[in-house]
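Take the sequence shown: its letters are residues 100 to 306, numbered as in the numbering used here. Don't be surprised by glycine CBs; every beta carbon is placed ideally from N, CA and C. As the structure is a computational prediction, the values presented were derived from the model and not from experiment. Some notes on the structure that comes next.
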Amino acid sequence: MTDPARPPGRSAPVRRGTGRGPGRRPGPTETREAILAAARDLFAEKGYDGASLRAIARSAEVDPALVHHFFGNKEGVFVEAMRFPLDLSRLVPRITETPREHLGETMVRTFLEIWGDDERRPPILAMLRSAMTNEQAAVLLREFVTTALFGRTGETHGIPMLRINAAAGQMIGVMILRYVLRVEPIASASSEELVELLAPVIQQYLA
100 MTDPARPPGR SAPVRRGTGR GPGRRPGPTE TREAILAAAR DLFAEKGYDG
150 ASLRAIARSA EVDPALVHHF FGNKEGVFVE AMRFPLDLSR LVPRITETPR
200 EHLGETMVRT FLEIWGDDER RPPILAMLRS AMTNEQAAVL LREFVTTALF
250 GRTGETHGIP MLRINAAAGQ MIGVMILRYV LRVEPIASAS SEELVELLAP
300 VIQQYLA
């Protein structure tokens, strides 16, 4: 049947597949979401260290420059992909630049600041709960805590990852007691009370 809207003698336009070359996504929103979807898959499959920006770009069928444009660096992609309400570009230097003799206090205050924020706490709790039953969530949370968040601290100060993991594990346990189980008197203790109690213990792991 002839299409009356088409000039005589002109064939119908060919509909091509959805595949596009790098940087050819239709719009910034779709491009951004494609990058995040690819990043989630790669972080789950390869972990934080194994998923490079170039590999994420290749999986999303975009130019690597677009990944830098939207997210800055791999830490930025990771936070956005996981919906973690943390700015690692500020958080990580705060820890890595702290003198080693004050790392315990800095870690405790950092955890209390993050978990004590009513807006940032729910996504973290959701990831924790997911990690209990979902291997992909467990991998992502493990990579986030041990590599993205604290890995550079160990490298900067020459601290074995066993000690980093032990310190992080203890702090996560305390945060669960305080904000999830609401065990008293930890739940109602002031931040300064917890810093005074926990900082020397965490420092022993990291010293």
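Compute the Euclidean distance between the alpha carbons of Q269 and I301, then round it to the nearest angstrom.
To locate residue 269, count along the sequence shown from 1; it is residue 170. To locate residue 301, count along the sequence shown from 1; it is residue 202. Rounded to whole angstroms, Q269 to I301 spans 8 Å at the Cα level.
Give the DSSP-derived three-state secondary structure of N94 in the structure shown.
For residue 94 there is no data in the structure shown, the boundaries of the chain being 100 and 306.
How many Å lie between R241 and F183 at the Cα?
Position 142 of the sequence shown, counting from 1, holds the residue named residue 241. Position 84 of the sequence shown, counting from 1, holds the residue named residue 183. Roughly 13 Å separates the two Cα atoms.
So, for T252: in the same chain, excluding its five sequence neighbours on each side, which residues have a beta-carbon less than 6 Å away from its beta-carbon?
In the sequence shown, the residue the question calls residue 252 occupies position 153. I194 and T195, listed in sequence order.
For E132, report the span of its alpha helix (DSSP H) as first-last.
Residue numbering aside, residue 132 sits at position 33 when the sequence shown is read from its first letter. Element bounds for E132: P127 to G149.
Excluding the five sequence neighbours on either side, which residues of its own chain have a C-beta within less than 7 Å of the C-beta of G122, listed in chain order?
In the sequence shown, counting from the first residue as 1, residue 122 sits at position 23. Low local confidence applies: a pLDDT of 44 at G122 is under 50, so the model's placement there is unreliable, with the coordinate-based value given in what follows. So the qualifying residues of the chain are V161, D162 and L165.
Do you know how far the Cα of G250 is from the Cα of E291?
As a position in the sequence shown, residue 291 is number 192, starting the count at 1. As a position in the sequence shown, residue 250 is number 151, starting the count at 1. Using only the alpha carbons, I get a separation of about 26 Å.
Taking only runs of the alpha helix (DSSP H) that begin and end inside the stretch 234-304, which ones reach a length of at least 4 residues, in chain order?
Whole alpha helix (DSSP H) segments, 4+ residues: 234-242, 250-256 and 260-278.
Could you give the distance in angstroms between the alpha-carbon of L297 and the alpha-carbon of E132?
Here residue 297 corresponds to residue number 198 of the sequence shown, with the count starting at 1. Here residue 132 corresponds to residue number 33 of the sequence shown, with the count starting at 1. Looking at the two C-alpha atoms, the distance is approximately 40 Å.
Please classify P221: does DSSP put it in a helix, a strand, or coil?
In the sequence shown, the residue the question calls residue 221 occupies position 122. Helix at P221.
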